[in-house]
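Asks: These protein sequence lines map, in sequence, to chains Y and Z.
Residues in the first sequence are numbered consecutively from 0, following numbering that gives the first Met the number 0.
Residues in the second sequence are numbered consecutively from 0, following numbering that gives the first Met the number 0.
Just so it is clear, CB atoms sit at the ideal spot from N, CA and C, and this is done for glycine as well.
Dumping the structure here so I can ask a few things about it.
Protein chains: 2
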Amino acid sequence: MTAVPPTVAAVFGAAGPALADRARTVDALITTLVDTIPGPTGSRAAGVVAAGGKRLRPLLALLLAGDGDAPADHVEGSLLVSAAAVELVHVATLVHDDVLDRAPLRRGVQTVWATDGPAAATGAGDALLAAAFQAVAADCPADVARILATAASSLAAGELMQRADAYRLDITTERYEERVIGKTAALFEAACRIGAVHGDVGEDLAGGIGRDLGVAFQMLDDLLDIEGDPAVTGKARGTDLLDGTVTLPLAIAARREPSIAAVDLPSLDIPAAAALCDQIVASGACEEVRGMAYARIDAAQSAISGLPGAPSRREALALAARGLVDRTS
Amino acid sequence: MTAVPPTVAAVFGAAGPALADRARTVDALITTLVDTIPGPTGSRAAGVVAAGGKRLRPLLALLLAGDGDAPADHVEGSLLVSAAAVELVHVATLVHDDVLDRAPLRRGVQTVWATDGPAAATGAGDALLAAAFQAVAADCPADVARILATAASSLAAGELMQRADAYRLDITTERYEERVIGKTAALFEAACRIGAVHGDVGEDLAGGIGRDLGVAFQMLDDLLDIEGDPAVTGKARGTDLLDGTVTLPLAIAARREPSIAAVDLPSLDIPAAAALCDQIVASGACEEVRGMAYARIDAAQSAISGLPGAPSRREALALAARGLVDRTS
Numbered sequence: 000m001t002a003v004p005p006t007v008a009a010v011f012g013a014a015g016p017a018l019a020d021r022a023r024t025v026d027a028l029i030t031t032l033v034d035t036i037p038g039p040t041g042s043r044a045a046g047v048v049a050a051g052g053k054r055l056r057p058l059l060a061l062l063l064a065g066d067g068d069a070p071a072d073h074v075e076g077s078l079l080v081s082a083a084a085v086e087l088v089h090v091a092t093l094v095h096d097d098v099l100d101r102a103p104l105r106r107g108v109q110t111v112w113a114t115d116g117p118a119a120a121t122g123a124g125d126a127l128l129a130a131a132f133q134a135v136a137a138d139c140p141a142d143v144a145r146i147l148a149t150a151a152s153s154l155a156a157g158e159l160m161q162r163a164d165a166y167r168l169d170i171t172t173e174r175y176e177e178r179v180i181g182k183t184a185a186l187f188e189a190a191c192r193i194g195a196v197h198g199d200v201g202e203d204l205a206g207g208i209g210r211d212l213g214v215a216f217q218m219l220d221d222l223l224d225i226e227g228d229p230a231v232t233g234k235a236r237g238t239d240l241l242d243g244t245v246t247l248p249l250a251i252a253a254r255r256e257p258s259i260a261a262v263d264l265p266s267l268d269i270p271a272a273a274a275l276c277d278q279i280v281a282s283g284a285c286e287e288v289r290g291m292a293y294a295r296i297d298a299a300q301s302a303i304s305g306l307p308g309a310p311s312r313r314e315a316l317a318l319a320a321r322g323l324v325d326r327t328s
Numbered sequence: 000m001t002a003v004p005p006t007v008a009a010v011f012g013a014a015g016p017a018l019a020d021r022a023r024t025v026d027a028l029i030t031t032l033v034d035t036i037p038g039p040t041g042s043r044a045a046g047v048v049a050a051g052g053k054r055l056r057p058l059l060a061l062l063l064a065g066d067g068d069a070p071a072d073h074v075e076g077s078l079l080v081s082a083a084a085v086e087l088v089h090v091a092t093l094v095h096d097d098v099l100d101r102a103p104l105r106r107g108v109q110t111v112w113a114t115d116g117p118a119a120a121t122g123a124g125d126a127l128l129a130a131a132f133q134a135v136a137a138d139c140p141a142d143v144a145r146i147l148a149t150a151a152s153s154l155a156a157g158e159l160m161q162r163a164d165a166y167r168l169d170i171t172t173e174r175y176e177e178r179v180i181g182k183t184a185a186l187f188e189a190a191c192r193i194g195a196v197h198g199d200v201g202e203d204l205a206g207g208i209g210r211d212l213g214v215a216f217q218m219l220d221d222l223l224d225i226e227g228d229p230a231v232t233g234k235a236r237g238t239d240l241l242d243g244t245v246t247l248p249l250a251i252a253a254r255r256e257p258s259i260a261a262v263d264l265p266s267l268d269i270p271a272a273a274a275l276c277d278q279i280v281a282s283g284a285c286e287e288v289r290g291m292a293y294a295r296i297d298a299a300q301s302a303i304s305g306l307p308g309a310p311s312r313r314e315a316l317a318l319a320a321r322g323l324v325d326r327t328s
């Protein structure tokens, strides 16, 4: 982890040095696993991974597993490999998403799609996914493989649902939540469940925290696409809309304003997308979605405050949850 | 399995009704697993799966597992799920390959790429892969997850190696074999290893049989692209060459004939590809490759003849191996 984001640094500070040590080991493991992918494409995939990201999912796994006071060696090894595998599954989906979105840049570096083409990038995503399952099959209890496979299945299903819903302004809130649970929250949930498998928290309790945080994360991400400052987010507003992805703010705004419900999404261009974003904000839909996201985070915070173990873990998890609210990019 | 190919029917005949029953159950399991993929894309993926193929990999798993005389119920369940999962991994790679090759048809039906576009097809492949791992994690011993993940990793690595080698006429025989082991033989090997996990044959012995058969299968497939009758194979000769894929017959021919080594592959068109196929045949390279494929099949047959258990299993496996030699499409 070359540069630790402020939120993560705060979490490390609250949880104590054992967590930072574990996070560094997980980072090294991720690099080792990616290095098994052969050839120049493997090196490029390694570059994408090395470019960072906040490693939120491994962090959640480590936090749910407890405060690091001397677990048995084999449990520690399995925990670290599991946490690395969760991040690999996440990166695999990013590499595939970049193919589908024809994205030239990710985390400030060129995507595998841009440097090596769609074929190599599809192969690289498959290789990352397989490396995750291989590591887990070799070093972790069967529960971890079950949790990770369930999440990978949900991720693919969520992505397919989103593509099937393209350009549909009439999606319900329930359908949006179902998509978001698949596309995003399932992997947050898996990270927390994997932590629980290695620690003293019930798996379903941990999974619920991860799911709430994941849904909130995606809702706030969708709000950033509508309201975010392009100078901070690094991308134009309304990118989702141009892509045909109808997120909850737009769906709610369309229910409120007939003029928004009548928009012809496929014909949208960049200025029209920005104007539509303004209309969505004016409808009050963003406040409604923000309220839903905060309610999810409150539910997670409430569950976190009831967790057993050292106060430092509860404090660190609460900081991680707060970090999701405060994100601006 | 709506229409049983002649080779498979012969194998069923030799092995007895228990094998055919198991194969039908595996087929039903494959359908059930694919049906978990949501939405219209899931239905289309199910159509591709239902369109058949010879189900060679599940067949090898079932044959290596033994002759079916009353294994414990939980072993039987795990074997059938494992065999189905191997086929799902295979189909997942086909669906992704169709995206990369922009292939309109597969097994006579429209590909997911053709009907639903590259995004949905990439997602469908990911969903099939995840469904395989999920089924195995839920119902099979950890050895099966390990074997399947290793194979999935090899498949992706082999695909990446092949893309990295595109248009290179100077690849060595060793490099070609390494690619083929990854791209094709690893999954044949996995199928046989999975059978062994559920039966009385050593895993490495079974794996070696699968690897030899897989390499032979791919070599003969590559020969079909050079020598096959388009009226039988359903595709023009030289498709691999047009795609930049340098297979062993071409690599050997280039070593023998300076005029072939000097060919500018990227500028090849369909008539030029057919003419190059004729030159490869004239060089004698195809006979050399056929000899290597037959040597692999001989090695597999020799290992098969030493297997324990009922003679019917050895006979059925020998027929399956022979089927690989006799294929014309």
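Using a Cβ-Cβ distance cut-off of 8 Å, determine whether alanine 155 of chain Z contacts chain Y.
Replies: Position 156 of the second sequence holds residue 155 of chain Z. Answer yes: the Cβ-Cβ gap between alanine 155 of chain Z and chain Y drops below 8 Å somewhere.
Asks: Can you find at least 3 beta carbon pairs, one from the stretch 43-58 of chain Y and one from the stretch 109-119 of chain Y, that sit closer than 8 Å?
Replies: With a cut-off of 8 Å, the stretch 109-119 of chain Y and the stretch 43-58 of chain Y count as touching, because enough Cβ pairs lie within range.
Asks: Comparing the C-beta of alanine 141 of chain Y with each C-beta of chain Z, is any distance below 8 Å?
Replies: Translated into the one-based positions of the first sequence, residue 141 of chain Y becomes position 142. Cβ-Cβ to chain Z under 8 Å: yes for alanine 141 of chain Y.
Asks: Taking the beta carbon of proline 39 of chain Y as the centre, do at least 16 other beta carbons fall within 10 Å, making it buried, or is it exposed?
Replies: Position 40 of the first sequence, counted from the first residue, corresponds to residue 39 of chain Y. Classification for proline 39 of chain Y: exposed.
Asks: Between lysine 53 of chain Z and threonine 183 of chain Z, what straight-line distance do the alpha-carbon atoms span, to the nearest angstrom?
Replies: Here the question's residue 53 of chain Z lines up with position 54 in the second sequence. Here the question's residue 183 of chain Z lines up with position 184 in the second sequence. One C-alpha to the other measures close to 15 Å.
Asks: Per DSSP, what kind of secondary structure is methionine 0 of chain Y in: helix, strand or coil?
Replies: Walking along the first sequence from the start, residue 0 of chain Y turns up at place 1. Its pLDDT being 42, under 50, methionine 0 of chain Y is placed unreliably in this model, and the value from its coordinates should be taken loosely. Coil, per DSSP.
Asks: Can you tell me whether alanine 288 of chain Y is buried or exposed, with buried defined as 16 or more other CB within 10 angstroms of its CB?
Replies: On the first sequence, residue 288 of chain Y is found 289 positions in, with the first residue counted as 1. According to the sequence displayed, residue 288 of chain Y carries valine and not alanine. Buried, by the Cβ-count rule.
Asks: Contact criterion: CB-CB distance below 8 Å. Does arginine 145 of chain Y meet it with respect to chain Z?
Replies: What you label residue 145 of chain Y is simply residue 146 of the first sequence in a count that begins at 1. Chain Z, which has a Cβ nearer than 8 Å to the Cβ of arginine 145 of chain Y, makes this yes.
Asks: What is the rounded straight-line gap between the Cα of threonine 1 of chain Z and the Cα of aspartate 96 of chain Z?
Replies: Translated into the one-based positions of the second sequence, residue 1 of chain Z becomes position 2. Translated into the one-based positions of the second sequence, residue 96 of chain Z becomes position 97. Because threonine 1 of chain Z sits at a pLDDT of 48, beneath the cut-off of 50, its placement in the model cannot be relied upon, and the following sentence gives the value as read from the coordinates. Their Cα atoms are separated by approximately 24 Å.
Asks: Under 8 Å, CB to CB, which of the residues in the stretch 162-194 of chain Z have a partner in chain Y?
Replies: Answer in chain order: Arg162 and Ala163.
Asks: At the level of alpha carbons, what is the spacing between threonine 172 of chain Z and glycine 209 of chain Y?
Replies: Here residue 172 of chain Z refers to the residue found at position 173 when the second sequence is read from its first residue. Here residue 209 of chain Y refers to the residue found at position 210 when the first sequence is read from its first residue. Threonine 172 of chain Z and glycine 209 of chain Y: Cα-Cα distance of roughly 50 Å.
Asks: Tell me, which residues are paired with glutamine 133 of chain Z by DSSP?
Replies: Counted from its first residue, the second sequence places residue 133 of chain Z at position 134. Glutamine 133 of chain Z pairs with nothing; no bridge assigned.
Asks: Starting from isoleucine 36 of chain Z, find everything on chain Y with Cβ-Cβ shorter than 8 Å and list it in chain order.
Replies: On the second sequence, position 37 is the one that residue 36 of chain Z refers to. Under the 8 Å cutoff, chain Y gives Ala155, Ala156 and Leu159.
Asks: Would you say glycine 207 of chain Z faces chain Y, with C-beta separation under 8 Å as the test?
Replies: One-based indexing of the second sequence puts residue 207 of chain Z at position 208. For glycine 207 of chain Z, the answer is no, since every Cβ of chain Y falls outside 8 Å of its Cβ.
Asks: Which same chain residues, not among the five before or five after alanine 319 of chain Y, have their C-beta less than 6 Å away from its C-beta?
Replies: Here residue 319 of chain Y refers to the residue found at position 320 when the first sequence is read from its first residue. Around alanine 319 of chain Y: Val10.
Asks: Here's the rule I'm using: 16 or more other beta-carbon atoms within 10 Å means buried, otherwise exposed. How should tyrosine 175 of chain Z be labelled?
Replies: What you label residue 175 of chain Z is simply residue 176 of the second sequence in a count that begins at 1. Label assigned to tyrosine 175 of chain Z: buried.
Asks: Would you call serine 266 of chain Y buried or exposed, if buried means 16 or more other Cβ atoms sit within 10 Å of its Cβ?
Replies: Position 267 of the first sequence, counted from the start, is the residue given in the question as residue 266 of chain Y. Serine 266 of chain Y comes out exposed.
Asks: For alanine 137 of chain Y, count neighbouring C-beta atoms within 10 Å of its own C-beta (all shown protein chains included) and say buried if the count is 16 or more, exposed if not.
Replies: Position 138 of the first sequence, counting from 1, holds the residue named residue 137 of chain Y. Alanine 137 of chain Y is exposed by the Cβ-count criterion.
Asks: Is the beta carbon of alanine 195 of chain Z sitting closer than 8 Å to the one on leucine 58 of chain Z?
Replies: Numbered from its first residue, the second sequence carries residue 195 of chain Z at position 196. Numbered from its first residue, the second sequence carries residue 58 of chain Z at position 59. Going by C-beta atoms, alanine 195 of chain Z is not nearer than 8 Å to leucine 58 of chain Z.
Asks: So aspartate 224 of chain Y packs on arginine 236 of chain Y, CB below 8 Å; how close in whole Å?
Replies: Working through the first sequence from its first residue, we reach residue 224 of chain Y at position 225. Working through the first sequence from its first residue, we reach residue 236 of chain Y at position 237. Yes, aspartate 224 of chain Y and arginine 236 of chain Y are in contact; Cβ-Cβ is about 7 Å, under 8 Å.
Asks: Which whole-angstrom value describes the C-beta separation of alanine 252 of chain Z and glutamine 278 of chain Z, a residue pair presumed to lie in contact below a C-beta threshold of 8 Å?
Replies: Residue numbering aside, residue 252 of chain Z sits at position 253 when the second sequence is read from its first letter. Residue numbering aside, residue 278 of chain Z sits at position 279 when the second sequence is read from its first letter. Indeed they touch by this definition, with Cβ atoms about 7 Å apart.
Asks: With distances taken Cα to Cα, identify the nearest neighbour of alanine 272 of chain Y among Y/Gly12, Y/Asp239, Y/Thr110 and Y/Ala163.
Replies: Locating residue 272 of chain Y in the first sequence gives position 273, where the first residue counts as 1. Taking only the C-alpha atoms, the option nearest alanine 272 of chain Y is Y/Asp239.
Asks: Counting beta carbon pairs with one atom in the stretch 185-193 of chain Y and one in the stretch 78-88 of chain Y, are three or more of them shorter than 8 Å?
Replies: Segments in contact, yes.
Asks: Whole angstroms are fine: how far does the CA of serine 311 of chain Y sit from the CA of glycine 124 of chain Z?
Replies: Translated into positions along the second sequence, residue 124 of chain Z becomes position 125. Translated into positions along the first sequence, residue 311 of chain Y becomes position 312. Answer to the nearest angstrom: the Cα atoms are 42 Å apart.
Asks: Starting from alanine 148 of chain Y, trace the alpha helix (DSSP H) in both directions and tell me its first and last residue.
Replies: Within the first sequence, numbered from 1, the residue matching residue 148 of chain Y stands at position 149. Alanine 148 of chain Y -> alpha helix (DSSP H) spans 141-163.
Asks: As a quick exercise: from Y/Ala165, Y/Leu104, Y/Leu249 and Y/Asp169, pick the residue whose alpha carbon is nearest that of lysine 234 of chain Y.
Replies: Sequence index remark: in the first sequence, residue 234 of chain Y carries index 235 (1-based). Lysine 234 of chain Y has its Cα closest to that of Y/Leu104, out of Y/Ala165, Y/Leu104, Y/Leu249 and Y/Asp169.
Asks: What does valine 108 of chain Y pair with, by DSSP beta-bridge criteria?
Replies: Residue mapping note: residue 108 of chain Y aligns to position 109 of the first sequence, counting from 1. Paired residue(s): Y/Arg105.
Asks: My parser needs the alpha helix (DSSP H) runs of 4 or more residues fully inside the stretch 273-309 of chain Y; what are they?
Replies: 284-304, all fully within the stretch 273-309 of chain Y.
Asks: If the criterion is Cβ atoms closer than 8 Å, does the pair valine 85 of chain Z and alanine 151 of chain Z meet it?
Replies: As a position in the second sequence, residue 85 of chain Z is number 86, starting the count at 1. As a position in the second sequence, residue 151 of chain Z is number 152, starting the count at 1. Against a cut-off of 8 Å, the Cβ pair of alanine 151 of chain Z and valine 85 of chain Z comes out as no contact.
Asks: Starting from glutamate 176 of chain Y, trace the alpha helix (DSSP H) both ways and give me its first and last residue.
Replies: For this step, residue 176 of chain Y is matched to residue 177 along the first sequence. Looking at the DSSP string, the run of the alpha helix (DSSP H) that includes glutamate 176 of chain Y is 172-179.
Asks: Taking buried to mean at least 16 other C-beta atoms within 10 Å of its own C-beta, is valine 143 of chain Z buried or exposed?
Replies: For the purposes of this step, residue 143 of chain Z is taken as the residue at position 144 of the second sequence. Buried, since its Cβ has 16 or more Cβ neighbours within 10 Å.
Asks: Look up arginine 167 of chain Z in the DSSP assignment and say whether it is helix, strand or coil.
Replies: Residue 167 of chain Z sits at position 168 when you count from the first residue of the second sequence. Arginine 167 of chain Z: coil per DSSP, three-state reduction.
Asks: For valine 245 of chain Z, go through chain Y and note every residue whose CB falls closer than 9 Å to its CB, in chain order.
Replies: Within the second sequence, numbered from 1, the residue matching residue 245 of chain Z stands at position 246. Per Cβ cutoff of 9 Å: no residues; valine 245 of chain Z is ~15 Å from chain Y at best.
Asks: Smallest Cα separation from threonine 149 of chain Z: which of Y/Ala156, Y/Leu128, Y/Leu154 and Y/Asp169?
Replies: By one-based count along the second sequence, residue 149 of chain Z stands at place 150. Per the Cα distances, Y/Leu128.
Asks: So for aspartate 211 of chain Z, helix, strand or coil by DSSP?
Replies: As a position in the second sequence, residue 211 of chain Z is number 212, starting the count at 1. In the structure shown, aspartate 211 of chain Z sits in a helix (DSSP, three-state: H, G or I).
Asks: Residues of the stretch 84-114 of chain Z in Cβ contact with chain Y at a cutoff of 7 Å, in chain order, please.
Replies: So the close ones are His95, Val98 and Leu99.
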